[in-house]
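One structure is given below, encoded as structure tokens.
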Amino acid sequence: MKQTTRFGLKYTFADRELKQSREGPGQPKPAEEAAARTQQAAAEPGFAGERQESMQQVLHELDSLIGLSQVKELVREIRAFVEICRRRERFQLKNESLVLHMIFKGNPGTGKTTVARILGKMLAELKVLPKGHLVEVERADLVGEYIGHTAQKCREQLKKAMGGILFIDEAYSLARGGAKDFGKEAIDTLVKAMEDHKNEIILILAGYEKEMENFLSTNPGLRSRFPIHLHFPDYSCDELMEIAQLMVRERQYQLSVGAAEYLRQYLQQQVDANRPNFSNARLVRNLIERAIRRQALRLVDRRIYTRDDLIMLLREDFVLPAGEEAGIYIWQA
51 MKQTTRFGLK YTFADRELKQ SREGPGQPKP AEEAAARTQQ AAAEPGFAGE RQESMQQVLH
111 ELDSLIGLSQ VKELVREIRA FVEICRRRER FQLKNESLVL HMIFKGNPGT GKTTVARILG
171 KMLAELKVLP KGHLVEVERA DLVGEYIGHT AQKCREQLKK AMGGILFIDE AYSLARGGAK
231 DFGKEAIDTL VKAMEDHKNE IILILAGYEK EMENFLSTNP GLRSRFPIHL HFPDYSCDEL
291 MEIAQLMVRE RQYQLSVGAA EYLRQYLQQQ VDANRPNFSN ARLVRNLIER AIRRQALRLV
351 DRRIYTRDDL IMLLREDFVL PAGEEAGIYI WQA
């Protein structure tokens with residue numbers, strides 16, 4: 051195993067050699083090299099015609115995400131690694147094998163599922179995955195209640211995800227049961243599928259950072275099977291406000307100056323509190339959606355209103371949560 055740390059991100063690629071061609075090892079002859087270059091120019095995957103345009107669309111979607119600079123950098127590294135492996139293979143050069151199962155660590159609302167979807171599209175464009183779709187599951191979708199039920203449920207989800215990415219949220223919950231729990235059977239079934247269908251599916255295990263580290267520590271065999279680890283940090287207040295403005299624009303609303311100031315003050319308080327389970331963009335979405343409903347309540351009985359009235363969210367439309375527990379918000383009147 052070769053392990054590298056860059057930009058605060060740890061990732062590993064297993065060292066394996068591609069099989070040599072029938073002609074055996076050695077440097078390509080000049081004529082062969084020229085022919086290979088001609089073939090490369092004519093059929094370079096991912097960099098010509100419609101495929102290049104599709105890849106640029108995927109990369110634009112990645113770059114449009116707010117924050118996540120280190121995550122974006124690693125995603126681009128994965129893309130570049132796949133492309134260069136293909137080019138090296140044409141010249142019969144040794145390559146590291148593609149081991150792209152991943153661990154996503156971070157609080158809710160930090161973009162883990164969104165990045166997973168973009169990765170699926172990118173790997174489909176690169177022909178690493180046949181489809182590139184995302185199937186998101188949790189413990190209840192994988193663990194059964196009686197002998198044989200777990201394997202059946204796992205096979206059903208694996209079948210749905212075949213050709214794409216199986217995204218397992220709060221993956222550590224698979225190992226939380228007691229001696230009679232079927233979570234370990236689910237883990238064993240998933241690991242076997244990774245080996246049996248290594249060119250057809252990618253698994254991503256996601257969850258809180260501390261819990262994911264504990265999960266991997268108690269299941270040491272898993273760490274080597276998931277060589278790419280991405281950390282999703284909490285957003286800053288400025289990034290959360292940018293997300294809020296984006297959500298508002300997408301819904302064809304606008305924040306008044308007073309509403310924006312009030313929202314920023316509240317979000318800064320949440321960031322400064324540095325709570326371990328801060329829900330980031332998910333909290334922002336809840337606040338915006340609640341404000342839209344409050345605006346509707348404010349306007350519904352009016353007989354006279356303007357287009358601007360229907361667009362503008364005011365300070366009074368934001369009723370901020372007085373407390374929260376386990377993702378359930380208690381709204382103060």
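For the sequence shown, the numbering used here assigns the number 383 to the last residue and increments by one with no breaks.
For each residue, glycine too, the CB sits at the ideal point set by N, CA and C.
Check: Candidates Ser119, Gln319, Gly214 and Cys204: which alpha carbon is nearest Leu224's?
Finding: Taking the sequence shown and counting its residues from 1, one reaches residue 224 at position 174. Residue Cys204 is the option with its Cα nearest to Leu224.
Next item on the list: Verify whether the separation of the beta carbon atoms of Ala166 and Ile254 is less than 9 Å.
Entry: Against the sequence shown, residue 166 aligns to sequence position 116. Against the sequence shown, residue 254 aligns to sequence position 204. Yes; because the gap between Cβ atoms is below 9 Å, this pair is in contact.
Checklist line | Alpha carbon of Arg365 to alpha carbon of Arg314, nearest angstrom | finding: The residue you call residue 365 lines up with position 315 of the sequence shown. The residue you call residue 314 lines up with position 264 of the sequence shown. Whole-angstrom Cα-Cα distance: 11 Å.
Notebook entry, point to check: Which of helix, strand or coil does DSSP assign to Met152?
Noted result: As a first step, residue 152 must be located in the sequence shown, where it is residue number 102. DSSP places Met152 in strand when its eight states are reduced to three.
Note to self: On the CB-based measure, 16 or more other CB atoms within 10 Å of its CB, does Met285 come out buried or exposed?
What the structure shows: The residue labelled residue 285 in the question sits at position 235 within the sequence shown. What sits at residue 285 in the sequence shown is Tyr, not Met. Result: buried.
Note to self: Run through the DSSP bridge pairs and tell me what Val185 is partnered with.
What the structure shows: For the purposes of this step, residue 185 is identified with residue 135 of the sequence shown, where counting begins at 1. Answer is Leu216, bridged to Val185.
Notebook entry, point to check: In or out: Ile354 buried (at least 16 other Cβ within 10 Å) or exposed?
Noted result: Translated into positions along the sequence shown, residue 354 becomes position 304. So Ile354 counts as exposed.
Notebook entry, point to check: Going by DSSP, which residues form a beta bridge with Gly257?
Noted result: Stepping through the sequence shown from its first residue, residue 257 is reached at position 207. Note: Gly257 sits in a beta bridge opposite Lys155.
Margin query: Could you compute how far the alpha carbon of Leu59 sits from the alpha carbon of Met262?
Written below: Here residue 59 is taken as the residue at index 9 of the sequence shown, counted from 1. Here residue 262 is taken as the residue at index 212 of the sequence shown, counted from 1. With a pLDDT of only 45 at Leu59, under the threshold of 50, the placement of this residue in the model should not be trusted, and no figure is reported.
Notebook entry, point to check: Between Glu188 and Ile237, what straight-line distance do the alpha-carbon atoms span, to the nearest angstrom?
Noted result: Mapped onto the sequence shown, residue 188 falls at position 138. Mapped onto the sequence shown, residue 237 falls at position 187. Cα-Cα distance, rounded: 12 Å.
Next item on the list: Reducing DSSP to helix, strand and coil, say where Leu118 ends up.
Entry: The residue given as residue 118 occupies position 68 in the sequence shown. Three-state DSSP puts Leu118 in coil, outside helix and strand.
Check: If Leu148 sits next to Val132, beta carbons under 8 Å apart, how far is it from one beta carbon to the other, in whole angstroms?
Finding: As a working note, residue 148 is residue 98 in the sequence shown. As a working note, residue 132 is residue 82 in the sequence shown. Confirmed, Cβ separation roughly 7 Å.
Checklist line | Exposure of Phe141, with buried meaning 16 or more beta-carbon neighbours within 10 Å | finding: Start at 1 with the first residue of the sequence shown, and residue 141 comes out as number 91. Classification of Phe141: exposed, given that the 10 Å Cβ count is below 16.
Check: According to DSSP, which residues form a beta bridge with Leu363?
Finding: Along the sequence shown, one-based indexing puts residue 363 at 313. Paired residues: Leu305.
Next item on the list: Just mark His151 as buried or exposed, buried being the case when its beta carbon has 16 or more other beta carbons within 10 Å.
Entry: For this step, residue 151 is matched to residue 101 along the sequence shown. Classification of His151: buried, given that the 10 Å Cβ count is 16 or more.
Check: Alpha carbon to alpha carbon, what distance is there between Leu169 and Leu109?
Finding: To locate residue 109, count along the sequence shown from 1; it is residue 59. To locate residue 169, count along the sequence shown from 1; it is residue 119. Cα-Cα distance, rounded: 10 Å.
Next item on the list: Could you please give me the residues that DSSP links to Ile252 through a beta bridge?
Entry: The residue you call residue 252 lines up with position 202 of the sequence shown. In the DSSP output, where bridge partners are listed per residue, Ile252 has Ile215.
Checklist line | Asn336 - DSSP class collapsed to helix/strand/coil | finding: Taking the first residue of the sequence shown as position 1, residue 336 is located at position 286. Asn336 falls in the helix class under three-state DSSP.
Item checked: Nonlocal neighbours in the same chain, by C-beta distance under 8 Å from Lys122, ignoring five residues either side -> Stepping through the sequence shown from its first residue, residue 122 is reached at position 72. Taken in chain order, the residues that qualify are Leu112, Asp113 and Leu115.
Check: Which residues mark the beginning and the end of the alpha helix (DSSP H) in which Glu300 is found?
Finding: Here residue 300 is taken as the residue at index 250 of the sequence shown, counted from 1. Element bounds for Glu300: Cys287 to Glu300.
Note to self: Quick check on the DSSP output: the alpha helix (DSSP H) that includes Leu169 runs from which residue to which?
What the structure shows: Reading the sequence shown from its first residue, position 119 is the one you call residue 169. Taken as a continuous stretch (DSSP letters only), the alpha helix (DSSP H) holding Leu169 covers Lys162 to Glu175.
Next item on the list: Please name the residue, chosen from Glu289, Arg340 and Val125, that lies closest to Tyr303 on a Cα-to-Cα basis.
Entry: Sequence index remark: in the sequence shown, residue 303 carries index 253 (1-based). Closest option to Tyr303, Cα to Cα, is Arg340.
Item checked: Enclosing alpha helix (DSSP H) for Val241 [first to last residue] -> Along the sequence shown, one-based indexing puts residue 241 at 191. Unbroken alpha helix (DSSP H) run through Val241: Gly233 to Asp246.
Next item on the list: Please work out which residues of its chain come closer than 6 Å, Cβ to Cβ, to Thr200, disregarding the five sequence neighbours upstream and downstream, and give them in chain order.
Entry: The residue given as residue 200 occupies position 150 in the sequence shown. Cβ within range, chain order: Val193, Gly194, Phe232, Glu235 and Ala236.
Note to self: On a Cα-Cα basis, can you pick out the residue from Ile361, Phe154 and Gln107 that is closest to Ile278?
What the structure shows: Mapped onto the sequence shown, residue 278 falls at position 228. Cα-wise, what sits closest to Ile278 is Phe154.
Notebook entry, point to check: Taking the Cβ atom as the reference point for each residue, do Ile252 and Leu176 lie within a distance shorter than 9 Å?
Noted result: Looking up residue 252 in the sequence shown gives position 202. Looking up residue 176 in the sequence shown gives position 126. No.
Check: Does the region 330-345 touch the region 356-370, meaning 3 or more C-beta pairs lie closer than 8 Å?
Finding: yes
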